[in-house]
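Heads up, the sequence shown is in the working numbering, so the first residue is 68 and it goes up one at a time.
All residues carry an ideal CB built from backbone N, CA and C; glycine is no exception.
Just so it is clear, the structure is predicted and the values come from calculations on it, not from any experiment.
The next block holds one structure in the form of structure tokens; read it before the comments.
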Amino acid sequence: MFYLPLPVSPTMVTYIVDDQDPDITYLCPTVAKNAPNSYFHDTWSTIGNDTVCSDGWFNYTFRGQGVNIQSGLSGGGTKSYSVSLDGDALQPQTDEGGYDSGILADDEHTVMYTTGAMSYSPNFDYLTVLAGNTTNMRGRSIIVDDKDGLIKYSGAGWISASITNSVEAFPYGRGPYRDSVHWTKEAGESLSFEFLGSSVALYSVLPAQKDGGITIQYFIDDNFVTSAGVSNTDNAPVPMFKLFEADGLSDGTHVLTANITSVISSYSIGIDFATYNASFDNIDEMPTSGLSSTSPGSKGSTHKRNHVGAIVGGVVGGLAFIGIVMLALYVLRARRRQQQRSRTAATVIA
68 MFYLPLPVSP
78 TMVTYIVDDQ
88 DPDITYLCPT
98 VAKNAPNSYF
108 HDTWSTIGND
118 TVCSDGWFNY
128 TFRGQGVNIQ
138 SGLSGGGTKS
148 YSVSLDGDAL
158 QPQTDEGGYD
168 SGILADDEHT
178 VMYTTGAMSY
188 SPNFDYLTVL
198 AGNTTNMRGR
208 SIIVDDKDGL
218 IKYSGAGWIS
228 ASITNSVEAF
238 PYGRGPYRDS
248 VHWTKEAGES
258 LSFEFLGSSV
268 ALYSVLPAQK
278 DGGITIQYFI
288 DDNFVTSAGV
298 SNTDNAPVPM
308 FKLFEADGLS
318 DGTHVLTANI
328 TSVISSYSIG
338 IDFATYNASF
348 DNIDEMPTSG
358 LSSTSPGSKG
368 STHKRNHVGA
378 IVGGVVGGLA
388 FIGIVMLALY
398 VLRARRRQQQ
408 RSRTAATVIA
């Protein structure tokens, strides 16, 4: 998949919308497809070869600062699609199916995607929205890229790699999020991810390696959840492979930890992104400092625990200092009394 990235910074928050989301309105006959471990939420949408949606295939209304559509047009033949933003005239696109709006005013917007006559079907997987201060975040599926500072990697074996030719490597609209992954093939490596939400999922890219495998242990808030093995039975790399998912968490701050416990035949795993269901109303309430633990590979601790520890440590340190000062004063006074007694005794003897 060729990804057209919105400019991002550590303070920017993006949520993801699946092609089957009820808030996406399809304007002409659409076929929903299932493809396990190849597309986000295992689904993608398309139209028939003889269908022309020149008046609009689908649209989506959102509040935020930008939108990115991930739709593939891989294959030969004529490629024709256009996009309209906020009711403006349709703008023909020259990419492989993707669209990026760039930075918009933080307001309500509507994007419409159209397809013209073509000799094959388009593949729409998902779209992402760059949130703004006006965006209602609660219940949104926040997506965090592997390069985001909120995902902490522990160990020297992690390698960050960009996949610039993902159209060729992953045809039909598939591919890693933002065309990048963090690879490792070393036992003992780990990652931690702190989030404010009620669910979490971790996605990966599996290499085209049929021999070998990898085993990963997962923890939520210091509690062991499961241990799972991962391998690939295909002759091609597999994107959007869901490694782990935990639902039904209490609203609040949690830490997901993944520890790689064993690797067979130098098998590699590529961490692509994490998602979580937001339990905050707007981006101002979102924690941006990441994990406060200095060991992200360990079963992480929350900010609250660290703050309590700092307070308790400060109180104990203060009490210890006061005790030392009082002891020093007591010793000093005792010496002075002893010296006075000695002088008095010397006078009496004399």
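Is residue i near residue j, with beta carbons less than 8 angstroms apart?
{"i": "Val-305", "j": "Ile-336", "result": "no"}
{"i": "Thr-177", "j": "Tyr-82", "result": "no"}
{"i": "Ser-285", "j": "Phe-311", "result": "For the record, residue 285 in the displayed sequence is Tyr; it is not Ser. Contact flag set, yes."}
{"i": "Ile-230", "j": "Val-211", "result": "no"}
{"i": "Ile-170", "j": "Gly-133", "result": "yes"}
{"i": "Val-272", "j": "Ala-341", "result": "no"}
{"i": "Ile-13", "j": "Ile-281", "result": "A question about residue 13 goes unanswered here, because the residues of the chain that appear run from 68 up to 417."}
{"i": "Pro-42", "j": "Asn-299", "result": "Lying before the first or after the last residue shown, residue 42 is absent from the chain, which here runs from 68 to 417."}
{"i": "Trp-111", "j": "Asp-192", "result": "yes"}
Assign residue i to buried or exposed, taking buried as 16 or more other Cβ atoms, counted over all protein chains shown, within 10 Å of its Cβ.
{"i": "Pro-96", "result": "exposed"}
{"i": "Gly-385", "result": "Note that Gly-385 scores a pLDDT of 46, beneath 50, so its modelled location is shaky; the value from the coordinates is reported in the next line. Looking at its Cβ environment, which holds fewer than 16 other Cβ atoms inside 10 Å, Gly-385 is exposed."}
{"i": "Gly-206", "result": "exposed"}
{"i": "Gln-158", "result": "exposed"}
{"i": "Asp-302", "result": "The sequence shown places Asn at residue 302, rather than the Asp named in the question. Exposed, by the Cβ-count rule."}
{"i": "Glu-261", "result": "buried"}
{"i": "Val-98", "result": "exposed"}
{"i": "Lys-219", "result": "buried"}
{"i": "Gly-115", "result": "exposed"}
{"i": "Ala-325", "result": "buried"}
{"i": "Ser-227", "result": "exposed"}
{"i": "Gly-264", "result": "buried"}
{"i": "Asp-85", "result": "buried"}
{"i": "Asp-348", "result": "exposed"}
{"i": "Gly-242", "result": "buried"}
{"i": "Leu-358", "result": "Only weak support exists for where Leu-358 lies, its pLDDT of 37 falling under 50; the value from the coordinates is given anyway. Label assigned to Leu-358: buried."}
Measuring CA to CA, which of the options is closest to residue i?
{"i": "Tyr-148", "options": "Arg-130, Thr-118, Thr-320 and Thr-202", "result": "Thr-118"}
{"i": "Asp-109", "options": "Ser-188, Gln-87 and Asn-290", "result": "Gln-87"}
{"i": "Asn-203", "options": "Asn-101, Tyr-244, Trp-225 and Phe-129", "result": "Phe-129"}
{"i": "Ala-172", "options": "Tyr-180, Asp-153, Ser-329 and Gly-183", "result": "Asp-153"}
{"i": "Phe-107", "options": "Gly-123, Trp-250 and Ile-136", "result": "Ile-136"}
{"i": "Ile-125", "options": "Ile-226, Gly-242 and Pro-189", "result": "It is worth fixing the name first, because residue 125 is Phe in this sequence and not Ile. Comparing Cα positions, the closest option is Pro-189."}
{"i": "Tyr-180", "options": "Asp-174, Phe-237, Ala-102 and Asp-155", "result": "Asp-155"}
{"i": "Lys-277", "options": "Asp-314, Ser-317 and Tyr-334", "result": "Tyr-334"}
{"i": "Gly-183", "options": "Tyr-127, Leu-140 and Asp-85", "result": "Leu-140"}
{"i": "Tyr-270", "options": "Thr-113, Tyr-343 and Asn-200", "result": "Tyr-343"}
{"i": "Glu-253", "options": "Ile-283, Ser-151 and Arg-245", "result": "Ile-283"}
{"i": "Gly-123", "options": "Lys-100, Asn-104, Ser-105 and Tyr-93", "result": "Tyr-93"}
{"i": "Val-127", "options": "Tyr-244, Phe-237 and Pro-89", "result": "Note that residue 127 corresponds to Tyr in the displayed sequence, not to Val. Nearest C-alpha to Tyr-127: Pro-89."}
{"i": "Glu-352", "options": "Asn-104, Pro-103, Thr-201 and Thr-113", "result": "Thr-201"}
{"i": "Leu-217", "options": "Phe-237, Thr-320, Val-150 and Leu-316", "result": "Thr-320"}
{"i": "Asn-104", "options": "Trp-250, Phe-237 and Asp-246", "result": "Phe-237"}
Between residue i and residue j, how many whole angstroms is the CB-CB distance? I'm expecting something under 8 angstroms.
{"i": "Ile-350", "j": "Ala-198", "result": "5 angstroms"}
{"i": "Gly-165", "j": "Ser-138", "result": "6 angstroms"}
{"i": "Ser-329", "j": "Gly-279", "result": "That belief does not hold up - the Cβ atoms of Ser-329 and Gly-279 are roughly 11 angstroms apart, past 8 angstroms."}
{"i": "Leu-258", "j": "Ser-221", "result": "7 angstroms"}
{"i": "Asp-213", "j": "Asp-339", "result": "6 angstroms"}
{"i": "Val-80", "j": "Ile-209", "result": "6 angstroms"}
{"i": "Gly-224", "j": "Glu-256", "result": "5 angstroms"}
{"i": "Asp-318", "j": "Ser-346", "result": "4 angstroms"}
So, does the CB of residue i fall closer than 8 angstroms to a CB anywhere in chain B?
{"i": "Ile-331", "result": "Judged by its chain identifiers, the structure shown contains no chain B, having just a single protein chain."}
At which residue ranges does the segment 108–133 contain complete beta strand (DSSP E) runs of 3 or more residues, listed in the order of the chain? 110–113 and 120–131
Please specify which runs of the beta strand (DSSP E), each continuous and at least 3 residues long, are wholly inside the segment 263–307, giving them in chain order. 280–287 and 290–297
Whole alpha helix (DSSP H) elements within the segment 184–236, 4-residue minimum: 233–236
Please specify which runs of the alpha helix (DSSP H), each continuous and at least 4 residues long, are wholly inside the segment 299–350, giving them in chain order. none
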